[in-house]
Amino acid sequence: MHDMYTMLSKRMNLILFLGVIFWCAVFVHSSTADDYLNKCISSTNHKNVPGKEGKAMENYHCTPWQNKSCCTWNTTDNIDKDGALSLYNIVWDQCPKIQNMSDKCKQHFKRDTCFYECSPNLGPWIVADTTSKKTRKERVRNVPICKSDCEAWFSDCSEDYTCNDNWATGWDWSKKGTPAMCPKSCKKFKDYFSSAKQFCEKLFDGSFVYSENNENCMNMVPVGDNNVKVSEKKAEDLASTAARIQQSIFGVLLSSLIYNLLF
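Going letter by letter, the sequence shown gives residues -33 to -1, 1 to 230 in mature numbering (1 follows the signal peptide of the UniProt record, and there is no 0).
Below you can see the structure in the form of structure tokens.
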């Protein structure tokens, strides 16, 4: 009786593990680089998939993405007219009693906003946003921004004023769209941030990382197909990592199956 029970137990284990392995083989999706490419952030202002906008985007800051864009022409129009006000209810002239943001500084924030809203090459860095409830379900994290871009941005804005060292948090949204939403005192950017690296990495709560690797960093304004290549490389790395994890899980299951057959 004991031997019969043992045999039945082994058969049940065999059926169970074969079922699990079959499920893994058939239903578990093998990640590929394409899964991370040509994606748009899930948010109020982004398209579902990147597409052509054409002439409607000409003469705007977002022109580099007119042939393949995650934003629509009216988004670029809003950026050109009032910066982040229409899109996020945030003003760039946060300290008007001292001075408004300079034009040279605003140019960088416009480029940044276009990059975030329009680029179809941010897929490998898109993650779920667990904090935002209304405007987006996803965000980007740790996008490698070229040192030259960060340095130029910080240099042109260092003498300008802001009232928050992390623009992703702290605002008084009951006073949105006005300087009264400021959570902290007005200081120059250079007083809130000690370096271009700190500025790039902290201002948008970890969306960017300061990269000194010119072979593997993104430009706010695309330079040739550099951003595409960097995105593709990151996507391949992610797919390769996912494949190794799946192979490891499959190996554990197979080892367990063999053990149950033999013992």
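Note that CB positions come from ideal geometry on N, CA and C, so glycine has one too.
Next on the checklist: Going residue by residue through the segment 17 to 86, where are the continuous alpha helix (DSSP H) segments of at least 4 residues, counting only ones entirely within it?
Outcome noted: 40 to 49, 52 to 55 and 70 to 85
Checklist entry - Taking C-beta to C-beta, are N133 and F175 nearer than 9 Å? => result no
Next on the checklist: Just to check my reading of the structure: Y159 and T129 have Cβ atoms closer than 8 Å, yes? What is that Cβ distance to the nearest angstrom?
Outcome noted: 6 Å
Checklist entry - So is A206 buried or exposed if we call it buried at 16+ other beta carbons inside 10 Å? => result buried
Next on the checklist: DSSP has M185 in a bridge; who is on the other side?
Outcome noted: I112
Checklist entry - Exposed or buried, what is residue 231 when buried is set at 16 or more other beta-carbons lying within 10 Å of its beta-carbon? => result Residue 231 lies beyond the residue range present for the chain, which begins at -33 and ends at 230; the question has no answer from this structure.
Next on the checklist: List, from N- to C-terminal side, the beta strand (DSSP E) runs of 3 residues or more that fit wholly inside the segment 84 to 170.
Outcome noted: 93 to 95, 105 to 107 and 110 to 113
Checklist entry - Taking C-beta to C-beta, are C85 and F121 nearer than 9 Å? => result no
Checklist entry - Should D127 and F82 be called a contact, given that it needs their Cβ atoms to be closer than 9 Å? => result no
Checklist entry - Do K14 and N34 come within 9 Å of each other at the CB atom, strictly closer than that value? => result no
Item to check | Three-state class that DSSP yields for V195 in the structure shown | outcome: helix
Checklist entry - Nearest-angstrom Cα distance between E179 and A163? => result 12 Å
Next on the checklist: Taking 6 Å as the limit between beta carbons, can you name the residues of its chain near K142, skipping five residues before and five after?
Outcome noted: M148
Checklist entry - Three-state secondary structure (DSSP) at S174? => result coil
Next on the checklist: Give me, in chain order, the residues of the same chain whose beta-carbon lies closer than 6 Å to that of T42; leave out the 5 immediate sequence neighbours on both sides.
Outcome noted: N12 and E84
Checklist entry - Looking only at DSSP bridge pairs, what is S(-3) linked to? => result S(-3) pairs with nothing; no bridge assigned.
Next on the checklist: If you measure between the beta carbons of K201 and Y3, is that distance less than 9 Å?
Outcome noted: yes
Item to check | Rounded Cβ spacing between S198 and P111 (contact assumed at less than 8 Å) | outcome: Actually they do not touch by this definition, with Cβ atoms about 10 Å apart.
Checklist entry - Out of curiosity, what's the CA-to-CA distance linking C113 and A23? => result 29 Å
Item to check | Selected residue, minimal CA-CA separation from D123, among G137, R106 and S69 | outcome: S69
Checklist entry - If you check the beta carbons only, do K151 and P87 fall under 9 Å apart? => result no
Checklist entry - Would C37 pass as a contact of I57 if the rule is Cβ separation under 9 Å? => result no
Item to check | Cβ pair R78, V188 closer than 9 Å | outcome: yes
Checklist entry - Helix, strand or coil for N207 per DSSP? => result Asn is not the amino acid found at residue 207; the sequence shown has Ser there. Reduced to three states, the DSSP call for S207 is helix.
Item to check | Closest by C-alpha distance to D116, when choosing among N131, D192, W40 and H75 | outcome: H75
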